[in-house]
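For reference, the structure discussed in these notes is given below.
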Amino acid sequence: MAKASDSKRKRDLSLASEDSGHSKRSKVEYSPPIQPLESKSPPHVTRCFEHLHEAISLPELSGLLQYAVLGENIITKPSWCRLHHQRKLSGVTVTVLEDVTQVHFYRYYPQFKNLRRRYKTRCTLLPCVGDVSSFILNSELSHSGTVMSDLPRASLPSSSTTILLPPSLSSASASHKGGDLQLHPVIRKFGSETRGLSAYILTGEEMSKYKFPLKGAPDCKSFICTEKNGQVTDSSPLYGLDCEMCLTKLGHEVTRVSLVDSSGQCMLDELVKPHNPIYNYLTRFSGITKDMLAQVTTRLADVQSKLIQLLPQDAILVGHSLDCDLRALEMIHNNVIDTSLLYRREYGARFKLNVLAGVILKREIQSEERRGHDPTEDALAALELAQYFVSKGPRQVVELHLQQLWGSPASLPESPVNGFCHKSPPLASLNTVASPLASLNTATTSSGLPTSRLTFGRALFKTGQPALQLGRLAGTPSQTSNELWRRQCCSSDKKVLEALRRQVQSHSLSLLQLSSYSQLLTRTQPSYTQRNLHKLVSRLREICVVYVGPLSPDCTERDVKRLCSSYGVLRSVTLLSSTHRVYAVVEYALLEGAALAVERLNGCALHGCPVKVQRPVGEVTLDLEEYLCDLREDPLNERLIYAANIAADNPADLQMTFDQFGPVEGVSVRSQRPRKKRKHAFFKYHSTESLEAALDPSAELTLGQVKVCRALTPPHLCSWTPDAPETSLSNGENGETEGRTDGMVGGGGGGEEEDVIDEELETELDRETAGVMRKLDSKVGKIFEALPENTLSIVILPGKESLHGTFHPGLCFMEVKQKSTAFNPMESLKNIE
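Start counting the sequence shown at 1; every next residue gets the next number (full-length UniProt numbering).
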């Protein structure tokens, strides 16, 4: 099948080149290259050592995927890494571990044996918001600058050839030559006809999919149901609802509630005081301050009662991302319309409320000049957006605001795409200028300049090799012919693995979603989930902490900093005056600083008193030596040393200093404060012998005040914990802290019995999480084994970023499956769980 496709492609190119009078040149330059079965130089990914600590974004990663699949003649080469011998790739597979962060990876580091050992390239990934797979497929092509006029005649398909597309797309092309309006996400969901109000109410299945609180759900047992079950009609009243929240021990809790009726009149605007201590008022977003709530006595139960009294039996609640508001209110209401789901974007992306209000209502809300949001204003905007959508109808909404909101969609090609086949051709066949994508990747504006309007998923579809998406895809029970890529819903991670084994060789791009951990979180209350994540961060911070003392009474924090900063960058120094004698708690940014301090500071005199340096004794530090041993054996730390207290010289001078022990492959100089005179750096040697020579005690005479040790921190990490110790612990206005009794979120407030229950649940969650991480890693290993030779495998830990400032980066792992671990079908079948 593949050979027939290749021969057909060559015949088409030869005919086109003969018509243009360039037959000979076309046969030499534009025939698809033959992919060798064996290669002395296999494809692989590298990244400059000096830039390994720089985080990458999901758009940058999407650019790499586009280049890997489509080639350099279509896509611009990524600048942040290098993919060698791209033409020899046989495919690309992306595996997303949903809801897993970089914190999870290093907290449960011993569990991730496959990720540590199989993947040689590891990058910190900026937190991804929304569905990762959808973002990748919806990313716009970053074309290489090739324009239609510059392409040889051979690259332009013959206009007499018939377009072979699925019937649904063919009819769309005939009816809407200006831009595939039938494929617009709003039209695909709601159709073209104007319908009544009740047609846009979310179904029970949709409410479950978008995580609305539902009666009987495990995480909604304590929620109050409005019991407004009257028959809903197209004339039922609409009520706009919006809430503002703060951050407490249990997570986000409501602090202000607004309700407006169908006429826009405000029915309710109440400040609410949470029972739990407030860690952060989130003033920037909520507009709520400490003074505003000082005299407030209204509680959540009071607001719940008022809302139930105000709403009639057939009331329809309207909001923007209304699921968040109802969860904050701890209320269940069956009849809802969510404006973020009315004005749909491609593949699950959503518009912000202020964007829709500006374009549709011609009104500015959530202005940056104002301190925080006005929930009444937001509720009214959501209400009017819903009314506008219902009155105009889906088609007119799209036609009126297509350019402003969605941009002009790419039109269907008026040239052939070599048929529509399920069997994907070799990636090398897409890398020549003669590829059909060369003409699809650019659209000409009125000025004659090319503009790329083609998304990655659509581009793959138009080349006859749609991507494959596997995972728990709600609302997608089976594959459908009118989708731009193959989607298959799998009930478990095991089913994802089995489906991949059957189909991996039929698709050039496969996107897998492993949701074991995400499913665990759905069985857990959001408050415990958030607290557990904070707890994981605190445990990672603990391994970078040492205790220094006893100190003399006149010793200051500055004195301790001066003593300890020679071994690494300090995050904090705190004197403990409540103990019998004075001690200092010193936290380093990197593990190496703490390790060097324990090893070399013992017995040093500070103000005439010899000090002892020791690690805290806790659950994490009990197995610390085994943990450090695993880090030393990490492939990323191979032949890598850490040097502290170095002068702020340029990398070239530093390399000369360390070259005396052997050739240095790379130097990465770090400093959290650019103006600091003393910094730390990582040096990568070409050989183990050179590394041992640099670590030999005799080298200290040469290095002077520079302190060295074997690297423990992988090169992509700048710090083991976020730069700021959890923003959720500080007041939104002035940084003051309420209800804080220790260094971890959730340490204060509540009764003794509640704390015991919380601790039991968190311990159970931690135990279950460790088991899930181990199983996820096992699945990643089996997926890697199932891949054909020369497949680029990418594993994404998406990270988390909330709208209120909490920042937990993700991770990206990259490796090309080589011949030594090539796909063996018989061996693969033995590993099915």
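For glycine and all other residues, C-beta sits at the position ideal for the given N, C-alpha and C.
First through last residue of the alpha helix (DSSP H) which encompasses residue i
i	result
residue 634	Careful: residue 634 lies outside any alpha helix (DSSP H) and carries neither H nor E.
residue 107	102-107
residue 130	Looking at the DSSP string, residue 130 is not in any alpha helix (DSSP H), and its letter there is neither H nor E.
residue 394	394-401
residue 358	353-360
residue 204	204-209
residue 303	300-310
residue 59	58-70
residue 286	283-286
residue 117	113-118
residue 690	688-695
Terminal residues of the beta strand (DSSP E) in which residue i lies
i	result
residue 815	810-816
residue 645	640-647
residue 707	707-710
residue 97	91-97
residue 277	Premise fails: residue 277 is in no beta strand (DSSP E) and is neither H nor E.
residue 46	44-46
residue 316	316-319
residue 584	582-588
residue 270	266-271
residue 338	336-338
residue 665	664-670
Check whether residue i and residue j have beta carbons under 8 Å apart
i	j	result
residue 66	residue 456	yes
residue 811	residue 105	yes
residue 118	residue 638	no
residue 249	residue 635	no
residue 679	residue 646	yes
residue 914	residue 325	Look at the range of the chain in this structure, 1 to 833, and you will see that residue 914 is not part of it.
residue 128	residue 799	yes
residue 817	residue 793	yes
residue 797	residue 100	yes
residue 59	residue 523	no
residue 63	residue 142	yes
residue 232	residue 328	no
residue 768	residue 520	yes
residue 382	residue 319	yes
Reference residue i, options the options, closest by Cα
i	options	result
residue 56	122, 594 and 289	122
residue 294	275, 301, 563 and 102	275
residue 765	531, 280 and 374	531
residue 311	267, 182, 779 and 195	267
residue 704	644, 715, 714 and 663	644
residue 52	819, 496, 270 and 715	715
residue 126	54, 365 and 768	54
residue 271	566, 691 and 300	300
residue 187	214, 399, 668 and 364	399
residue 596	610, 710 and 699	710
residue 718	681, 690 and 697	681
Bridge partners - residue i, DSSP secondary structure assignment
i	result
residue 800	808
residue 345	DSSP, once it has assigned bridges, lists no residue as partnering residue 345.
residue 246	253
residue 489	471
residue 606	609
residue 513	96
residue 574	585
residue 187	BP columns for residue 187 are empty, so no partner.
residue 224	331
residue 241	259
residue 82	46
residue 461	Paired residue(s): none; residue 461 is not in a bridge.
Residue-level contact to chain C via CB, residue i, 8 Å cutoff
i	result
residue 141	Of the protein chains in the structure, only one exists, and it is not chain C.
Would the segment 535-543 and the segment 613-633 be scored as touching if the rule is three or more Cβ pairs under 8 Å?
Touching, per the Cβ criterion.
Do three or more CB pairs link the segment 283-293 to the segment 232-245 at distances below 8 Å?
Of all C-beta pairs linking the segment 283-293 to the segment 232-245, three or more are shorter than 8 Å, placing the two stretches in contact.
Taking 8 Å as the cut-off, does the segment 390-406 touch the segment 206-221 (at least 3 CB pairs, one atom from each stretch)?
The segment 206-221 is not in contact with the segment 390-406.
Segment contact flag, the segment 248-259 with the segment 332-339, C-beta cutoff 8 Å, min 3 pairs
By the Cβ criterion, the segment 248-259 is not in contact with the segment 332-339, since fewer than three pairs of Cβ atoms, one from each stretch, lie closer than 8 Å.
Three Cβ pairs or more, each shorter than 8 Å: is that satisfied between the segment 91-109 and the segment 505-519?
Yes, the segment 91-109 is in contact with the segment 505-519.
With a cut-off of 8 Å, do at least 3 Cβ pairs link the segment 300-309 to the segment 347-357?
Short answer: they don't touch.
Would you call the segment 308-317 and the segment 340-348 touching, i.e. three or more CB-CB distances under 8 Å?
No contact exists between the segment 308-317 and the segment 340-348.
Would you check if the segment 461-474 and the segment 483-492 touch, i.e. whether three or more CB-CB distances between them fall below 8 Å?
Yes, since at least three Cβ pairs between the segment 483-492 and the segment 461-474 fall closer than 8 Å, the two stretches touch.
Determine contact between the segment 556-574 and the segment 586-599, defined as no fewer than three beta-carbon pairs at a distance below 8 Å.
Cβ pair count under 8 Å is three or more, so yes.
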